[in-house]
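A.B. asks:
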Ligand code: ASP
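Numbering (this note's numbering), first residue to last: 3 to 591.
1. Using the Cα positions of residue 243 and residue 519, report the straight-line distance between them to the nearest angstrom.
2. Can the beta-carbon of residue 39 be found less than 7 Å from the beta-carbon of residue 9?
3. Considering only C-alpha positions, which residue in the set 365, 130 and 235 is nearest to residue 567?
4. Out of 312, 342, 529 and 560, which one is the CA nearest neighbour of residue 396?
5. Quick check: the Cα distance between residue 498 and residue 173, rounded to an integer number of angstroms?
6. Tell me whether residue 253 counts as near the ligand ASP, meaning its Cβ is closer than 6 Å to at least one heavy atom of that ligand.
7. When you compare only the Cα positions, how much space is there between residue 225 and residue 232?
8. Between the beta-carbon of residue 584 and the beta-carbon of residue 185, is there less than 7 Å?
9. The beta strand (DSSP E) with residue 175 in it runs from where to where?
10. Going by DSSP, what residues sit across from residue 299 in a beta bridge?
11. Beta carbon of residue 533: closer than 6 Å to some heavy atom of the ligand ASP?
12. How should residue 87 be labelled, buried or exposed, when 16 other C-beta atoms within 10 angstroms of its C-beta is the threshold for buried?
13. For residue 442, which residues from the same chain have a beta carbon less than 6 Å from its beta carbon, with the 5 sequence-adjacent residues on both sides left out?
14. Can you check DSSP and say which residues form a bridge with residue 492?
15. Have a look at residue 79 and residue 547 and give me their C-alpha separation to the nearest angstrom.
16. Rank 262, 179, 405 and 337 by C-alpha distance to the C-alpha of residue 288 and give the top, closest one.
17. Could you check which residue in 133, 69 and 94 has the C-alpha nearest to that of residue 552?
18. Check residue 522 in the structure and name its three-state DSSP category.
19. Taking only three categories from DSSP, how would you classify residue 312?
20. Would you say the beta carbon of residue 489 is closer than 6 Å to some non-hydrogen atom of the ligand ASP?
21. Mind checking residue 70: buried by the 16 CB within 10 Å criterion, or exposed?
22. Using a Cβ-Cβ cut-off of 6 Å (strictly less than) and excluding sequence neighbours within five positions of residue 274, which residues of its own chain qualify?
23. Tell me where the alpha helix (DSSP H) around residue 400 begins and ends.
24. So what's residue 210 in DSSP terms, helix, strand or just coil?
25. Where does residue 102 fall in DSSP's three states?
26. What residue range is occupied by the uninterrupted beta strand (DSSP E) comprising residue 236?
27. Report yes if the C-beta distance between residue 300 and residue 323 is below 7 Å; otherwise report no.
28. On the CB-based measure, 16 or more other CB atoms within 10 Å of its CB, does residue 162 come out buried or exposed?
29. Entirely within the segment 77–131 and at least 4 residues each: give me those alpha helix (DSSP H) ranges in chain order.
30. Please state whether DSSP places residue 509 in a helix, a strand or coil.
31. Three-state secondary structure (DSSP) at residue 573?
32. Per DSSP, residue 473 is paired with what?
33. Report whether the distance from the Cβ of residue 241 to the nearest heavy atom of the ligand ASP is below 6 Å.
34. Do residue 175 and the ligand ASP come close, with the Cβ less than 6 Å from some heavy atom?
35. Please state the DSSP three-state secondary structure of residue 33.
36. Mind checking which residues open and close the beta strand (DSSP E) that includes residue 181?
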């Protein structure tokens, strides 16, 4: 037996036992003739000690241990003279009788401890060493736990986990596809799935009325902290359901995950907010409802006082930032520059300070009397000591900017504690989104989402204004300002699906070429169905209190979509290119 115990399990109650441990040497130090060794495995760290008067060979071996050597150590569990209350094993140490070096290690490029001294790039290159660190081990353990909870819960609800192919044809999520050339069918390509959307719908046609899959998806998009080119979804679909059934089922899943993995109880039922309310009040379709500071429409209050910027704006909105009336000139200037950054895109920022003594001061004092400013502030629910921040412009654009500013102020005021959880459903999404640039409609969710039954008539209208009004039975699960999942009730009627492609300006031929198989399947008795998918990496990160998903993926890509450890993507042999009838036109290095 290599070991009798792990490095995380021995306690004072084990004193006197003879044990064998195996693991990695985190560090070893000499103190007054004694050698202390911290031995690590994924369960914890145990201190080993070689006494000064121990066998000479043992003292020699202990002295020669380097960082990350793999050893097997035999000894007796003894109470420590100086205990370490910060370590679960801190009351004991192992007085060693023998050490067996199982493998040596070259000096690792960074310290493998709770907090490492290695930079991000270096740690990415040696990911297998970084993965030895406790924070990453905790992250992957949480991921495992959550996946386990998902499977347990869905199994208990009668769902079947069914795999769908990775080498497929373009899917409808609207991102760029990764493609794979086919050697056996020269000149043609598979696309990697952006999601199993079409397959899960076909499974409904096939009668597998409760499907799920924890599945890899691929989207060739620009990367951010919460995006990876390959990511994992908890993908689900159900037949003979209405929106209510889907929301209840998956609210239950989330409740179980929160309870069993974190010991957190979430509200029952979860709050629901319409997309329109989310946009109007939070300037975002993924509102963070851990704090207030909601957006107020002050358009009518501010117009007609001679300030032409407001008078000519479609919309004027404000947030009341609690306790920030003390902001200095310099801070306000900095904030003004901040909203003008391209990421926010506002033209300028107007402020109103409600001083604690009841007086007001504003950047538009020239146009508004103190009484009028008080009136506006009251409309926003602001109190003495608050700072009103005002933006204006086209309605949705300005609300979105105010939404970004609201999150920023929430961050600055420490209102976004990652260990406080405020989940909710966003419902009643518009079915379609008009693009001025392209002069056409896009599906807000994807082209398989059905209009609400009461909006079906509007859906067949030819007027743009009517189509803009059509709502979908689509829903997103939002947590702390992040969209964790989304889905919809689907179209299950071939004629309505064709109408949808029509509305989206997709030609009959194109629709037939891309999605003919699903339109055809709908002709063979497709049941009413709906579903959703959760971004599993994001779920893990948020449950772990982090924004970036990378720590929750064993082998992630960097911001350039590269795996620097295995050096991929990389060139392939000319012979491989020839076999696939590929030629590169890339002229770079
Ligand atoms: N396939 C969708 C997505 O990946 C989710 C769904 O509609 O079920 O966003």
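Glycine residues also receive a C-beta, built at the ideal position from the N, C-alpha and C atoms.
C.D. replies: From the atom records:
1. 23 Å
2. no
3. 130
4. 312
5. 19 Å
6. no
7. 11 Å
8. no
9. Segment: none, residue 175 is in no beta strand (DSSP E) and carries neither H nor E.
10. 319
11. yes
12. exposed
13. 507
14. 451
15. 36 Å
16. 405
17. 133
18. helix
19. helix
20. yes
21. buried
22. 427 and 429
23. 397–414
24. coil
25. strand
26. 232–241
27. no
28. exposed
29. 122–127
30. coil
31. coil
32. 432
33. no
34. yes
35. strand
36. 181–183
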